[in-house]
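Using numbering that gives the first Met the number 0, read the sequence shown as starting at 0 and increasing by one per residue. Glycine residues also receive a C-beta, built at the ideal position from the N, C-alpha and C atoms. Here is the structure we will look at, set down as structure tokens.
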Amino acid sequence: MIHYLPLTMDAAYIDATIAAAKARGVRAIQFSHKLCHHAEDVLDKPEHAAQVAVMVKAVRAAGLEAWCWTHEFHSPPREFCEDDGRLRCDEPGLADYLNEKYARLCTEVLPGLSGIIVTFAECPYPVYQDHRVISQSSPTQRTRRLIDQLYAALRPHGVRLAVRDFVYRVDEVEAMGQALAGLPEDVVIMSKAVPHDWHPDYPIYPLIGFFPQHEQWVEHDFGFEYEGQHLLPYANVDTITARIIAERRRGIQSWCLRLDRYSGQLGPSALATPWGSLVLAVAHAASAGESISATVHEWEGGQFPGAAAWLREATDCTRRVLFPRGQWYGNHSNIPTFGYAQTHLNGGNADRLAAWSGDPADAFNEQAMAEMPPGWWQLMVAEGDAEAQRAQHLFDYLSGLPDLGPAGDEWRSGARRLLLMARLFAVHRHAYFRIRAVQEQADNISSEDIDKAIDAFADCAKDAQSVLESCRLEGRRLDNQGASGHDRGAPFRIEDEQRQAWTNVVISLRGAAQRLFAKE
0 MIHYLPLTMD AAYIDATIAA AKARGVRAIQ FSHKLCHHAE DVLDKPEHAA QVAVMVKAVR
60 AAGLEAWCWT HEFHSPPREF CEDDGRLRCD EPGLADYLNE KYARLCTEVL PGLSGIIVTF
120 AECPYPVYQD HRVISQSSPT QRTRRLIDQL YAALRPHGVR LAVRDFVYRV DEVEAMGQAL
180 AGLPEDVVIM SKAVPHDWHP DYPIYPLIGF FPQHEQWVEH DFGFEYEGQH LLPYANVDTI
240 TARIIAERRR GIQSWCLRLD RYSGQLGPSA LATPWGSLVL AVAHAASAGE SISATVHEWE
300 GGQFPGAAAW LREATDCTRR VLFPRGQWYG NHSNIPTFGY AQTHLNGGNA DRLAAWSGDP
360 ADAFNEQAMA EMPPGWWQLM VAEGDAEAQR AQHLFDYLSG LPDLGPAGDE WRSGARRLLL
420 MARLFAVHRH AYFRIRAVQE QADNISSEDI DKAIDAFADC AKDAQSVLES CRLEGRRLDN
480 QGASGHDRGA PFRIEDEQRQ AWTNVVISLR GAAQRLFAKE
């Protein structure tokens with residue numbers, strides 16, 4: 000059983016998703032992110048709600064189930080909050096608030112829903128954590144109480160409940176598992192394929208297969224939030240296959256497939272790109288226990304000879320560009336500011352690869368990113384340059400082929416974008432890792448050398464700007480990404496037109512370098 004998750008708010012795109020779902024025997028469409036990330040998206044925005052309601056009706060008319068996302072607690076009444084903003088989540092009145100809220104959602108605003116999918120992370124009041132709530136109960140107890148309250152609120156309306164067990168840290172997994180134990184058997188458990196977020200090297204999420212009495216769905220990201228968002232030729236066929244086979248062995252029979260990252264109507268979607276069509280075909284085949292090699296062979300018949308082998312190389316190149324040594328570097332597939340890279344290569348707001356994998360090699364790489372031992376920055380720079388060179392070879396190879404099939408323009412554009420992004424990341428490494436080496440006193444690098452590296456990135460960014468102008472990541476221009484709260488002292492409150500050519504990234508690098516040498 001398959002669900003599709005279109006993340007883009009666009010009527011024509013949703014119609015295309017419904018048509019594709021019907022053609023492939025998909026069971027349901029989920030409304031999330033730009034359609035309905037939390038209930039207030041439709042409860043408080045009548046015009047948006049009217050558009051989503053039409054989409055829900057179209058899904059049901061097509062014979063598919065329609066599920067809607069929400070996050071709790073998101074916007075509880077002020078009467079339940081302290082002056083410092085924390086939520087008193089033991090208040091009995093919260094149950095009545097949820098009853099009224101979801102009665103209105105299910106009967107007035109989005110009638111016809113099959114179910115509601117709730118997430119407790121990434122909202123203003125995550126009950127499984129302590130920092131935003133006041134409670135006499137443990138995180139496990141108050142998470143369970145909220146689930147019970149939502150179940151009671153939805154049941155009178157014939158709307159099912161699914162609970163996403165999404166958390167950020169290893170020690171939160173066990174507590175979440177305890178909160179989900181013993182729920183009514185008609186409650187669905189929805190798990191990401193991997194812990195925390197969409198990292199290509201993360202292991203299987205520990206709670207998959209942990210609830211045999213329940214229908215458990217496993218979510219996969221075929222919008223490639225952190226792996227190019229379909230702008231880059233990327234299809235992690237081996238990873239997808241291995242994950243779904245492992246999930247089947249744990250008793251999973253249902254999968255939820257994200258299709259895009261907010262720009263699906265423009266083409267970057269698993270429904271539209273040639274590499275997207277491959278990952279969808281592989282997922283459907285793997286979930287049904289069918290031959291993956293036959294699926295790939297059939298797909299290649301509609302592309303060009305050797306397409307699968309070329310795409311495998313491009314996929315590996317993309318992973319190494321965005322995740323050096325398996326560590327988190329790219330900012331949602333884009334060039335990171337200095338602060339973003341520093342807080343994601345080590346530490347930050349979530350456990351990183353080593354904590355989830357338990358692999359000493361991952362722990363070594365993470366520690367090296369933090370401590371910058373002698374020779375490390377040179378290694379990171381050399382590996383970045385090597386991937387830029389590989390992207391050049393991949394581009395040259397495609398350029399030399401006389402016929403790339405009906406999707407030839409998409410293949411050429413994808414190869415060109417991979418080349419430009421690999422170059423950008425490579426020159427970014429030259430600046431970032433030099434600064435970090437001096438910060439950790441790992442090398443004696445002059446301020447002039449670092450300034451030259453930053454200038455080289457700025458020049459490369461300007462050269463790439465016009466070619467990538469029409470592209471979108473996170474729904475925005477690649478070179479016009481917003482502010483980053485990870486960068487102390489950087490003047491990010493600047494107008495949009497001043498952010499062109501990754502100005503925010505350049506400012507963050509220059510700011511870090513200036514603070515570094517001002518200490519001398």
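Asked                                                                                                                                                                : Found
When DSSP labels each residue in this structure, what does Leu270 get in the three-state scheme?                                                                     : coil
Considering Cα atoms alone, identify which of Pro155, Val193, Asp185 is closest to Val172.                                                                           : Val193
Below 7 Å, is the gap between the Cβ of Phe394 and the nearest heavy atom of the ligand ATP?                                                                         : With respect to the ligand ATP, the structure shown offers nothing to examine, as it has no ligands at all.
Would you call Gly357 buried or exposed, if buried means 16 or more other Cβ atoms sit within 10 Å of its Cβ?                                                        : exposed
With burial defined as no fewer than 16 other Cβ atoms inside 10 Å of the residue's Cβ, what is the status of Pro138: buried or exposed?                             : buried
Just tell me which of Thr294, Phe79, Trp274 has its CA closest to the CA of Val281.                                                                                  : Thr294
If you drop the 5 nearest sequence neighbours on each side, which residues of the same chain put their C-beta closer than 6 Å to that of Ala307?                     : Val295, Glu299
Does Leu277 have its Cβ less than 8 Å from a Cβ in chain C?                                                                                                          : Absent here is chain C; the protein component of the structure consists of one chain.
From Gln464 to His156, what distance separates their C-alpha atoms?                                                                                                  : 51 Å
Determine, using beta carbons only, whether Ala425 and Gly383 come nearer to each other than 8 Å.                                                                    : yes
Just how far apart, CA to CA, sit Arg476 and Ile243?                                                                                                                 : 33 Å
Are the beta-carbon atoms belonging to Leu310 and Pro232 less than 8 Å from one another?                                                                             : yes
From Asn345, Thr317, Gln341, pick the residue whose C-alpha is nearest to that of Ser332; which is it?                                                               : Thr317
Taking all protein chains shown into account, decide if Pro183 is buried (16 or more other Cβ within 10 angstroms of its Cβ) or exposed.                             : exposed
Should Phe516 be labelled buried (16 or more other beta-carbon atoms within 10 Å of its own) or exposed?                                                             : exposed
Output the distance between the C-alpha atoms of Phe303 and Thr342, rounded to the nearest integer angstrom.                                                         : 41 Å
What runs of the beta strand (DSSP E), each 3 residues or longer, lie entirely inside the segment 229–284?                                                           : 253–257
Sorted by chain position, which residues of the same chain lie with C-beta nearer than 6 Å to Trp197's C-beta, five sequence neighbours on each side aside?          : Asp220, Glu224, Tyr225
Could you tell me the alpha carbon to alpha carbon distance between Tyr150 and Val126, rounded to whole angstroms?                                                   : 16 Å
What number of angstroms, rounded off, separates the C-alpha of Phe165 from the C-alpha of Val217?                                                                   : 11 Å
Go ahead and label Asn523 buried or exposed: buried means 16 or more other beta carbons lie within 10 angstroms of its beta carbon, across all protein chains shown. : Limits of the chain in this structure are 0 at one end and 519 at the other, which puts residue 523 out of reach.
The beta strand (DSSP E) with Phe30 in it runs from where to where?                                                                                                  : 27–30
Quick check: the Cα distance between Ala455 and Ala512, rounded to an integer number of angstroms?                                                                   : 15 Å
In chain order, what residues of the same chain lie with their CB nearer than 7 Å to the CB of Ala436, ignoring the 5 residues before and after it?                  : Met371, Trp376, Asp442, Ile444
Going by Cα to Cα distance, which pick from Arg23, Pro359, Leu418, Thr106 is closest to Cys520?                                                                      : Residue 520 cannot be examined here, being either before or after the span of the chain that is shown, 0 to 519.
Taking DSSP as the reference, what is the three-state secondary structure of Ser134?                                                                                 : coil
Select from Ile115, Ala94, Asp95 the residue whose C-alpha is nearest the C-alpha of Leu104.                                                                         : Ile115
Short of 7 Å in beta carbon distance, which residues of its chain neighbour Phe432, apart from the five on each side in sequence? Order them along the chain.        : Trp376, Met379, Val380
For Glu386, does the count of other Cβ atoms within 10 angstroms reach 16, so buried, or fall short, so exposed?                                                     : buried
Just to confirm, is the Cβ distance from His2 to Arg26 under 8 Å?                                                                                                    : yes
Rounded to whole angstroms, what's the CA-CA distance from Asn348 to Glu365? Just pull it up for me.                                                                 : 15 Å
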